[in-house]
Structures are given as C-alpha cells and as structure tokens.
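Notes to accompany the following structure.
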Amino acid sequence: MNCIFCGIKPEAYVLENEHFYVIPDKFPVGKGHSLVISKRHFKDYFEITDEESISLAKLTSEMKAKLDEDHSPSGYRLQMHCGESAGQTIFHFHMHIIPKY
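Per this note's numbering, the sequence shown starts with residue 50, numbered consecutively.
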C-alpha cells in the first residue's frame, strides 16, 4: 500500500492521541487549516469504530482550543469527504479543521 498519510512521521504532529494525529494542511485554504488523520488506515468516516469516534471528538476539541489560542478565529468548518464522488482524493480517513475569520 502506498498511502501518503501512513508515512507521516510523528515529528510532524501538532497534537495526537491513541487513534489520531493532527498536522497542518499542506495546501491550506486559510490560516490554521489542519488535518485530523487516523493512525489506523481506513477509508472514511463510515468505517470508524465507536472508540475512535470518541477519540476523534476529543482531539478535535483540543485542536479547536489550540487554534482559538493561536489565531482567534470567529468560526470553524469541519469537513470530511467520503468517497470519490464526494471529493475524497486520499482514501485514508482525515477531517479538515478550517478556521474561519
């Protein structure tokens, strides 16, 4: 398997927990745009376990607090693409956290 997300080194992580890690987006649409990526390789949100779902929520809240402190956005967009027709181009679970100003 040749997955770009499976090869990301821990030194690049902004935050992490048992199931997910956060990195800055390589092609940000705005200041603070980040990706929450699963450590386990699976395609999309519909393959997440209950335990991973809780872990995702916790790490997302932690990242929001960090972005609030670092950039003070006025809102957020959380974005997941599930399937090619929905715009998914990397078939490893990831969620965009996009601060809005």
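For each residue, glycine too, the CB sits at the ideal point set by N, CA and C.
DSSP bridge partner residues for residue i (one or two, in chain order)
i: residue 180; result: Past the boundaries of the shown model lies residue 180; the chain is included only from 50 to 150, so the question cannot be answered.
i: residue 124; result: 149
Sequence-distant residues of the same chain with beta carbon closer than 7 angstroms to residue i, five excluded per side
i: residue 78; result: 147
i: residue 125; result: 113, 146, 147, 148 and 149
C-beta contact flag for residue i and residue j at 8 angstroms
i: residue 120; j: residue 149; result: no
i: residue 62; j: residue 72; result: yes
i: residue 64; j: residue 74; result: no
Supposed contact pair residue j and residue i - C-beta distance, whole angstroms, cut 8 angstroms
i: residue 36; j: residue 93; result: Here the chain comprises residues numbered 50 to 150, so residue 36 is not present and cannot be evaluated.
i: residue 66; j: residue 108; result: 5 angstroms
Straight-line gap, residue i to residue j (C-alpha atoms, nearest Å)
i: residue 116; j: residue 96; result: 27 angstroms
i: residue 110; j: residue 91; result: 22 angstroms
i: residue 141; j: residue 69; result: 12 angstroms
i: residue 87; j: residue 143; result: 6 angstroms
i: residue 122; j: residue 112; result: 12 angstroms
i: residue 139; j: residue 55; result: 11 angstroms
i: residue 103; j: residue 59; result: 21 angstroms
i: residue 105; j: residue 118; result: 20 angstroms
i: residue 51; j: residue 89; result: 14 angstroms
Residues near residue i in its chain [Cβ-Cβ closer than 6 angstroms; skip 5 each side]
i: residue 130; result: 136 and 137
i: residue 82; result: 74 and 147
Beta-carbon proximity list for residue i, same chain, < 8 angstroms, skipping 5 on both sides
i: residue 57; result: 70, 72 and 86
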